[in-house]
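Below is one structure, written out as structure tokens; the observations come after it.
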Amino acid sequence: MNSQSKKMELLGSTSIPKALLAMGIPTMIGMLVNAFYNLVDAYFVGGLGESQMGAISVVYPLGQVVVGLGLLFGNGAASYISRLLGRGDKENADKVASTALYSSVSVGAVIIIISMVFLHPILKLLGATDSILPYAATYAGIYIVSCIFNVFNVTMNNIVTSEGAAKTTMCALLTGAVLNIALDPLFIYVFDLGVAGAAIATAISQVVSTCVYLTYIFRKKSVFHFRVKDCTYTKETMSEIFKIGIPTLVFQILTSVSISLINNAAGDYGDSAIAGMGVVTRLISMGSLSVFGFIKGFQPIAGYSYGAKKFDRLREAIKTSILWSTVFCVIFGVILALFPTAIVSQFTKGDAEMIRIGAASLRANGISIMLFGFYTVYSSLFLALGKGREGFILGACRQGICFIPVILLLPMVWGLNGIMYAQPIADALSAVITVFMAIPLHKKLNEMQKQTAAINTNNN
């Protein structure tokens with residue numbers, strides 16, 4: 004059996020626990036390490052001072068928006084590709100993959116140019132104070148330009164995972180992350196480049212990850228052939244990509260907006276507050292990205308099973324994913340809730356106010372992230388099944404529909420505490436909404452299973 008047949012067998016017939024381990028664990032490890040190197044950036048930059056730490060916290064959401072373009076095309080295409088492969092339509096799946104890759108890089112380049120032209124106003128909008136702005140501009144000037152490689156990487160990450168090659172994704176993420184961790188102290192302290200050194204280290208790591216994916220393509224390991232002539236911009240192809248990709252991009256934008264709102268609200272309490280909340284954001288991202296990585300392995304299995312009308316397999320994948328992701332979130336959340344002061348203190352030279360704010364917020368977020376696995380499985384499931392509207396609504400809850408009103412109103416009546424507890428409150432509200440959206444989905448899947456069984460009976 005060749006490698007391409009093995010990938011299709013993994014998506015369509017391998018036992019769910021084995022398939023989830025094969026698909027989810029490699030992407031989870033890759034994204035965990037990827038999140039860890041963001042944390043390492045914060046650790047080493049934190050040694051430079053609170054203003055420098057605040058600078059990378061301010062730039063972070065801008066980078067997330069640019070990378071969101073990779074998710075727009077990559078995640079949108081991945082959902083459609085999995086369903087096409089489930090229906091046995093390899094030819095159209097190939098065209099969708101090519102369209103997504105070349106489109107994401109082209110659009111990404113345009114957005115990066117616009118971001119650089121208006122860099123200073125954007126950074127001020129994102130919460131940069133006068134003391135933070137010079138460092139933020141230095142860091143962003145290098146980091147944002149290098150994001151063109153990350154747009155490519157994120158798009159390929161989704162496409163490669165959709166074809167069942169999760170180990171390649173893990174290899175690309177691990178290679179870049181490990182290199183970044185090694186280069187950070189070298190460029191920041193040995194070469195004495197400060198925040199610019201952190202940006203250069205990140206840029207080099209992104210280029211190396213791109214090389215891993217290019218090797219995968221040129222050695223013809225992929226199910227797909229990425230050719231410009233295969234790009235197709237038909238109404239059906241673009242609508243399928245955008246109905247999933249646009250909600251995903253909106254989630255990414257909302258994430259950036261939520262971080263910016265926190266930075267702006269925290270700015271009233273000084274650079275220490277911005278730095279403290281920035282550390283919490285990166286720590287929580289470490290857990291949430293790990294779950295996202297695992298769910299990326301679940302998504303193609305769900306999409307393939309749905310396309311092939313294997314509803315028992317789909318249902319088992321949902322239950323197992325909820326159980327495993329929730330167990331991880333509980334363990335991760337307990338660690339954060341029990342040792343918040345010890346954890347936050349690693350990211351400062353001894354700023355007591357930063358530690359106090361960060362620890363209080365981390366404790367509350369540690370408790371609420373225990374709900375994250377349950378929420379993420381369903382927000383991803385809707386997108387995997389091609390249900391863009393439902394996926395958009397649910398996905399926009401945690402950092403949009405529920406979060407934005409809370410972060411705008413709560414600090415007015417609760418001060419700094421309102422900033423620290425905004426995300427945990429939004430998490431709880433999002434989990435409740437998830438329950439009400441999951442019930443009708445399962446009823447619909449049961450009806451479709453009965454209809455499929457009746458058709459099969461009549462045909463026999």
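If you number the sequence shown the way the numbering used here does, the last residue is 463 and the count never jumps. The beta-carbon is built from N, C-alpha and C at its ideal position, and this holds for glycine as well.
Cβ pair Ile115, Val148 closer than 9 Å: Stepping through the sequence shown from its first residue, residue 115 is reached at position 112. Stepping through the sequence shown from its first residue, residue 148 is reached at position 145. It is a contact, given that the beta carbons lie within the stated cut-off.
From Ala58, Thr17, Gly79, Val198, residue whose alpha carbon lies closest to that of Phe395: Within the sequence shown, the letter at position 392 stands for residue 395. Nearest option by C-alpha distance: Gly79.
Nonlocal neighbours in the same chain, by C-beta distance under 6 Å from Ser308, ignoring five residues either side: Locating residue 308 in the sequence shown gives position 305, where the first residue counts as 1. Only Arg316, Leu317 meet the Cβ criterion.
Chain-order list of residues whose beta-carbon lies under 6 Å from that of Arg366 (same chain, five-residue window excluded): The residue given as residue 366 occupies position 363 in the sequence shown. Result list for Arg366: Ala340, Pro343, in chain order.
Neighbourhood of Val211 by C-beta distance below 7 Å, restricted to the same chain and skipping five residues each side: The residue you call residue 211 lines up with position 208 of the sequence shown. Same-chain partners within the cutoff: Thr178, Gly179, Leu182.
Limits of the unbroken alpha helix (DSSP H) element including Ile404: Translated into positions along the sequence shown, residue 404 becomes position 401. Counted as a single uninterrupted DSSP element, the stretch harbouring Ile404 is not any alpha helix (DSSP H), since DSSP gives it neither H nor E.
Classification of Leu264 by the beta-carbon crowding that lies within 10 angstroms, buried from 16 upward: To locate residue 264, count along the sequence shown from 1; it is residue 261. Result: buried.
C-beta contact flag for Ile321 and Met423 at 9 Å: The residue you call residue 321 lines up with position 318 of the sequence shown. The residue you call residue 423 lines up with position 420 of the sequence shown. Against a cut-off of 9 Å, the Cβ pair of Met423 and Ile321 comes out as no contact.
Close-in-space but distant-in-sequence residues of the same chain around Met357 (CB under 7 Å, 5 per side omitted): Position 354 of the sequence shown, counted from the first residue, corresponds to residue 357. Excluding residues within five positions, the ones whose Cβ falls inside 7 Å are Glu53, Ser275, Ala278, Gly279, Thr351.
Buried or exposed (CB count within 10 angstroms, at least 16 for buried), Ser18: Along the sequence shown, one-based indexing puts residue 18 at 15. Flag for Ser18 reads exposed.
Phe39 in three-state terms, based on DSSP: In the sequence shown, the residue the question calls residue 39 occupies position 36. Note: Phe39 maps to helix in three-state DSSP.
Whole-angstrom distance between Lys93 and Lys2, CA atom to CA atom: The question about residue 2 has no answer here: the residues shown for the chain are numbered 4 through 463.
Where the alpha helix (DSSP H) containing Arg318 begins and where it ends: Within the sequence shown, residue 318 is the residue found at index 315, counting from 1. Arg318 -> alpha helix (DSSP H) spans 314-341.
Asp354 - containing alpha helix (DSSP H), residue span: Here residue 354 is taken as the residue at index 351 of the sequence shown, counted from 1. From DSSP, Asp354 is part of no alpha helix (DSSP H); its letter is neither H nor E.
Selected residue, minimal CA-CA separation from Thr213, among Leu252, Ile151, Ile184: The count along the sequence shown starts at 1 and reaches residue 213 at position 210. Restricting attention to Leu252, Ile151, Ile184, the CA atom closest to the CA of Thr213 is found in Ile151.
C-beta atoms of Phe301 and Val380 nearer than 9 Å: Start at 1 with the first residue of the sequence shown, and residue 301 comes out as number 298. Start at 1 with the first residue of the sequence shown, and residue 380 comes out as number 377. Against a cut-off of 9 Å, the Cβ pair of Val380 and Phe301 comes out as a contact.
Gly77 beta carbon less than 9 Å from that of Gly281: Here residue 281 refers to the residue found at position 278 when the sequence shown is read from its first residue. Here residue 77 refers to the residue found at position 74 when the sequence shown is read from its first residue. Cβ atoms of Gly281 and Gly77: not closer than 9 Å.
Nearest neighbour of Ala175, chosen from Ile256, Leu411, Thr30, Ile84 [CA to CA]: To locate residue 175, count along the sequence shown from 1; it is residue 172. Check the Cα spacing between Ala175 and each of Ile256, Leu411, Thr30, Ile84: the tightest is with Thr30.
Residue ranges of each alpha helix (DSSP H) within the segment 393-461, 4 or longer: Secondary structure remark: continuous alpha helix (DSSP H) runs of at least 4 residues inside the segment 393-461, in chain order: 406-417, 419-423.
Whole-Å CB distance - Leu75 paired with Ser118, under 8 Å assumed: Residue numbering aside, residue 75 sits at position 72 when the sequence shown is read from its first letter. Residue numbering aside, residue 118 sits at position 115 when the sequence shown is read from its first letter. Contact between Leu75 and Ser118 is absent: CB atoms are separated by about 16 Å, not below the 8 Å threshold.
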